[in-house]
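Chains as they are written, first to last, in the numbering used here: chain A, 1 to 345; chain B, 1001 to 1345. Everything on this sheet refers to the single structure shown next.
There are 2 protein chains.
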Amino acid sequence: MSYLDREIADQPAVLERLFSRESRQIDRAVQEIRAFRPQAVFLVARGSSDNAGLYGKYLFGARNRLVVALATPSLFTLYRRPPDLSGCLVLAISQSGRSDDLVGVVAEGRRQGAYCLVLTNEPRSPLAREASRVIDMRAGRERSVAATKTYTAELMALAMLSVGLDGRARDREALARMPEAVAGTLEAGARIEELAGRYRYAERLAVIGRGYNYATAFEVSLKLKELAYLTAEPSSSADFRHGPIAVVQEGFPVLLIAPRGRTLDDMRDLARALDQRRAEILAISDVSALLRTARTALAIPPGTPEWLSPLLAVLPGQLLARHLAAARGCPLDRPRGLAKVTRTR
Amino acid sequence: MSYLDREIADQPAVLERLFSRESRQIDRAVQEIRAFRPQAVFLVARGSSDNAGLYGKYLFGARNRLVVALATPSLFTLYRRPPDLSGCLVLAISQSGRSDDLVGVVAEGRRQGAYCLVLTNEPRSPLAREASRVIDMRAGRERSVAATKTYTAELMALAMLSVGLDGRARDREALARMPEAVAGTLEAGARIEELAGRYRYAERLAVIGRGYNYATAFEVSLKLKELAYLTAEPSSSADFRHGPIAVVQEGFPVLLIAPRGRTLDDMRDLARALDQRRAEILAISDVSALLRTARTALAIPPGTPEWLSPLLAVLPGQLLARHLAAARGCPLDRPRGLAKVTRTR
């Protein structure tokens, strides 16, 4: 069994552990953030953690009314002209905690008096040492180069933080149900191995998500690229209509991330437009009617509120990338030319 | 002659007009922004204008020390849960000024007491009516669906704004030289028609830029998608190493946006790594040594400072997309399935 398979399967246990053991640490961060009263959130991450950050952008915007800026590390490293962070909550997300550029951003934030929160799976890493406070993902070491369990742990930690800042009892209950919902989604994904074969010779694929699941589109695309060497391109349904849709012709595969919620009507409209172009539609959804219209239906169980749906919607994407990688003869744990820790400057 | 060709060729005159006729209006905006003292910039745009916004993010960060958040319009339209914008400079960029979602963001900003600046080519549009102040691109009507002259006009307006906020005399002089530099770059691009033929049957291409030219990577990708129906994928050199590089094998085309400046060493390193994988390198650069190592060299004239280089670096990309579209039999002015104004909700 590959590390990748093990780490995908581990996700329910990882989320359970994070929820039960890290809640107090998150509560402390919440108290400190309230006292600091940030003017904006300055979020810094790379790779899959950056995709988790996209989720945070919608989550903190919609639920906590916070303006979230995604950082541009090169301003710190290459240009050495950091913006004024003194009133910001600097939020760094990193599996390894070892990217020099992230360390540089957080160090600069501390120097300027920002409140610096670090979400990482390595609480003794150089990044963690720069933090005002550290949230530990407690995911266990991640050995596969393609991140899976640390990604969903990061989503969960962000959701816990958001609920801590402005949450009602039923939000906490919804959070507590996530480990089980993740387990159910992974079980439902057992059929994906057969479905993946169809895309053995695909070279490109568009992945569309919006709102909370904009992040999911990016993360599923990244898995398809890293693992199956597929040119998968993420975008929002709105941005897709602004140009990229021009590449779609008969048989062009488009994966829609379309769980129930505020973005569903928009995704349905797009599905119709794609159908007129005879695109090949794949859908990740908990809506049976939409799944029936897709050539490849990747079901997630119903009953999870939209703001938590990214924790489920990414899972069929992880599995699709994993099985497609196998079908295409790509190594599962060590994709061509990638290392677990990427040095960037 | 297509509208597209005319609009590409018009760019020096458009920039000249913008610089000479809109400077006073920009000075007024600068005074008002100074008085308002924004905590952060909340930038909202779609399509090519969103790519111009990416330039603004680096520009205002590096030159003006401002934290810039790119807006998530769906928080306003689909979720109806806008963040707290009361201390923000809301900056909307739109060619047509007719996207309902952008109008909604600016209207909400005004309601909350934000200072709302609108950059548009249509100063009597619904978007302009919501603004605290309007900067008019004065680019003349843009008829080709793929934006070219309004994109460079937006970059120029952003640069004028940044220099107004914190600029020295030599920065103003550099700005004043841009219309001529753009004209020189377009002339140097006459050879691109021959070079484009080589990519007649390419299906995918990665476009890499960083820092100020991260925006250029996105805009050139969008042109290649809209006009030549090529799956062109933009990323930063840092993000590219975090996964997408796995898709690169022998002959895979990668376009590097690599003008002289702080990002050059990083782009050189990447060029070497790509060369080891026998990728096919295309380069837009003003550095002869780098151009010599590329299979397809797209030269821009030297002498423009890095922070203004995106105004030049995008031009060979526009021309490449235009000539590739012709080689592939794609219509120049009305790409398949796109309209000039895209309605998004």
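By construction, the Cβ of each residue, glycine as well, lies at the ideal position given by its N, Cα and C atoms.
With distance defined between alpha-carbon atoms, name the residue in R1081(B), K1057(B), Y1079(B) and R1063(B) nearest to L1070(B).
Position 70 of the second sequence holds residue 1070(B). Nearest C-alpha to L1070(B): K1057(B).
Pairwise C-alpha distance: I8(A) and E142(A):
Residue numbering aside, residue 142(A) sits at position 142 when the first sequence is read from its first letter. Residue numbering aside, residue 8(A) sits at position 8 when the first sequence is read from its first letter. When rounded, the distance between both Cα atoms is 10 Å.
Nearest-angstrom Cα separation, counted from L78(A) out to D275(A):
As a working mapping, residue 275(A) is identified with position 275 in the first sequence. As a working mapping, residue 78(A) is identified with position 78 in the first sequence. For D275(A) and L78(A), the distance between alpha carbons rounds to 45 Å.
If the cut is a Cβ gap below 9 Å, which residues of chain A does L1338(B) touch?
In the second sequence, counting from the first residue as 1, residue 1338(B) sits at position 338. Result: R241, H242, G243, I245 and A246.
Residues, ordered as in the chain, of the stretch 37-48 of chain A that lie near chain B by beta-carbon distance below 7 Å:
Q39, A40, F42, R46 and G47
Can you check DSSP and say which residues form a bridge with A1294(B)?
Start at 1 with the first residue of the second sequence, and residue 1294(B) comes out as number 294. Beta-bridge pairing links A1294(B) to no other residue.
At least three beta-carbon pairs within less than 8 Å, the stretch 1176-1185 of chain B to the stretch 1050-1066 of chain B:
no
Could you tell me which chain A residues have their CB closer than 8 Å to the CB of C1116(B), listed as they occur along the chain?
Taking the second sequence and counting its residues from 1, one reaches residue 1116(B) at position 116. Within 8 Å Cβ-Cβ: nothing; C1116(B) doesn't reach chain A, min ~14 Å.
Cutoff 8 Å; reference A147(A); Cβ partners in own chain excluding five residues on either side:
For the purposes of this step, residue 147(A) is identified with residue 147 of the first sequence, where counting begins at 1. Taken in chain order, the residues that qualify are G47, S48, S49 and Q95.
Using the Cα positions of A40(A) and S86(A), report the straight-line distance between them to the nearest angstrom.
Taking the first sequence and counting its residues from 1, the one referred to as residue 40(A) is at position 40. Taking the first sequence and counting its residues from 1, the one referred to as residue 86(A) is at position 86. Between A40(A) and S86(A), the C-alpha separation is close to 10 Å.
Can you tell me whether A29(A) is buried or exposed? The criterion is at least 16 other CB atoms within 10 Å of its CB, across all chains shown.
The residue you call residue 29(A) lines up with position 29 of the first sequence. When all chains shown are included, A29(A) counts as buried.
Kindly give me the distance between the Cβ atoms of A1196(B) and L1320(B), rounded to whole angstroms, as I take these residues to be in contact under 8 Å.
Start at 1 with the first residue of the second sequence, and residue 1196(B) comes out as number 196. Start at 1 with the first residue of the second sequence, and residue 1320(B) comes out as number 320. Right, the Cβ-Cβ distance comes to about 6 Å (below 8 Å), so this counts as a contact.
Quick one: which chain C residues come within Cβ less than 8 Å of R1170(B)?
You won't find chain C in this structure, because its protein chains are A and B.
In chain order, what are the residue ranges of uninterrupted alpha helix (DSSP H) at least 4 long that sit wholly in the stretch 1017-1105 of chain B?
1023-1036, 1047-1064 and 1074-1077
Keeping to the same chain, check which residues put their C-beta closer than 7 Å to that of V1163(B); ignore five residues upstream and five downstream.
Here residue 1163(B) refers to the residue found at position 163 when the second sequence is read from its first residue. Closer than 7 Å at Cβ, skipping near neighbours: D1171, R1172 and L1175.
Report buried or exposed for A139(A), applying the criterion of at least 16 other Cβ atoms within 10 angstroms of its Cβ.
Taking the first residue of the first sequence as position 1, residue 139(A) is located at position 139. The residue in question, A139(A), is buried, as its Cβ has 16 or more Cβ neighbours within 10 Å.
Distance between beta carbons of K223(A) and V14(A), contact taken as under 8 Å
Mapped onto the first sequence, residue 14(A) falls at position 14. Mapped onto the first sequence, residue 223(A) falls at position 223. With a Cβ gap of about 17 Å, V14(A) and K223(A) do not count as contacting.
N-terminal and C-terminal residue of the beta strand (DSSP E) that S1235(B) is part of:
Position 235 of the second sequence, counting from 1, holds the residue named residue 1235(B). Where S1235(B) is concerned, the enclosing beta strand (DSSP E) stretches over T1231 to S1235.
Under the three-state reduction of DSSP, which class applies to T1120(B): helix, strand or coil?
In the second sequence, the residue the question calls residue 1120(B) occupies position 120. T1120(B): strand per DSSP, three-state reduction.
Going by DSSP, what residues sit across from V1207(B) in a beta bridge?
Residue mapping note: residue 1207(B) aligns to position 207 of the second sequence, counting from 1. P1234(B) and L1255(B).
Going by Cα to Cα distance, which pick from T120(A), V105(A) and L119(A) is closest to G113(A)?
In the first sequence, counting from the first residue as 1, residue 113(A) sits at position 113. Nearest of T120(A), V105(A) and L119(A) to G113(A), Cα basis: V105(A).
Please go through the stretch 1121-1194 of chain B and give each complete alpha helix (DSSP H) segment of 4 or more residues, from N-terminal end onward.
1126-1129, 1149-1165, 1169-1176 and 1178-1188
Span separating the alpha-carbon of L1227(B) from that of A131(A)
Position 227 of the second sequence, counted from the first residue, corresponds to residue 1227(B). Position 131 of the first sequence, counted from the first residue, corresponds to residue 131(A). Roughly 46 Å between the two C-alpha positions.
CB contact below 7 Å: V314(A) versus chain B
By one-based count along the first sequence, residue 314(A) stands at place 314. Chain B, which has no Cβ nearer than 7 Å to the Cβ of V314(A), makes this no.
In chain order, what residues of the same chain lie with their CB nearer than 8 Å to the CB of P301(A), ignoring the 5 residues before and after it?
Start at 1 with the first residue of the first sequence, and residue 301(A) comes out as number 301. Only A181, G184, T185, A188, D286 and L312 meet the Cβ criterion.
Cutting at 7 Å between CB atoms, please list the residues of its own chain near R17(A), excluding the five before and the five after it.
Counting from 1 along the first sequence, the entry for residue 17(A) is found at position 17. Within the same chain, R17(A) has close Cβ partners R138.
Just how far apart, CA to CA, sit E59(A) and P234(A)?
Along the first sequence, read from residue 1 onward, the residue named residue 59(A) stands at position 59. Along the first sequence, read from residue 1 onward, the residue named residue 234(A) stands at position 234. In the sequence as presented, Glu is not what sits at residue 59(A); that position holds Leu. Each residue's alpha carbon lies about 19 Å from the other.
Is the CB-CB distance between P1253(B) and E1280(B) below 7 Å?
What you label residue 1253(B) is simply residue 253 of the second sequence in a count that begins at 1. What you label residue 1280(B) is simply residue 280 of the second sequence in a count that begins at 1. In this structure, E1280(B) lies closer than 7 Å to P1253(B) by Cβ.
For the putative contact between V90(A) and F42(A), defined by C-beta atoms under 8 Å, what is the C-beta separation to the nearest angstrom?
Reading the first sequence from its first residue, position 90 is the one you call residue 90(A). Reading the first sequence from its first residue, position 42 is the one you call residue 42(A). With 8 Å as the limit, V90(A) and F42(A) qualify as a contact, their Cβ atoms being about 5 Å apart.
Is L1102(B) near V1044(B), with beta carbons less than 7 Å apart?
The residue you call residue 1102(B) lines up with position 102 of the second sequence. The residue you call residue 1044(B) lines up with position 44 of the second sequence. Closer than 7 Å, so yes.
For Y229(A), which residues in chain B fall below 7 Å Cβ to Cβ?
As a working note, residue 229(A) is residue 229 in the first sequence. The answer, in chain order, is A1246 and V1247.
Could you please give me the residues that DSSP links to L315(A) through a beta bridge?
Taking the first sequence and counting its residues from 1, the one referred to as residue 315(A) is at position 315. Answer is none; L315(A) lacks a bridge partner.
Cα separation between V207(A) and P310(A)?
If you number the first sequence from 1, residue 207(A) lands on position 207. If you number the first sequence from 1, residue 310(A) lands on position 310. Rounded to the nearest angstrom, the two C-alpha atoms are 14 Å apart.
Please list the residues of the stretch 1068-1085 of chain B that have a C-beta atom closer than 8 Å to any C-beta atom in chain A, keeping them in chain order.
V1068, A1069, L1070, T1072, P1073, S1074, L1075, L1078, Y1079, R1081, P1082, P1083, D1084 and L1085
What residue from L315(A), L155(A), R133(A) and F240(A) has the CA that sits closest to G109(A)'s CA?
Residue 109(A) sits at position 109 when you count from the first residue of the first sequence. It is R133(A).
What do you reckon, is the C-beta of G1053(B) under 6 Å from a heavy atom of the ligand PLP?
No copy of the ligand PLP appears in this structure; indeed no ligand is present at all.
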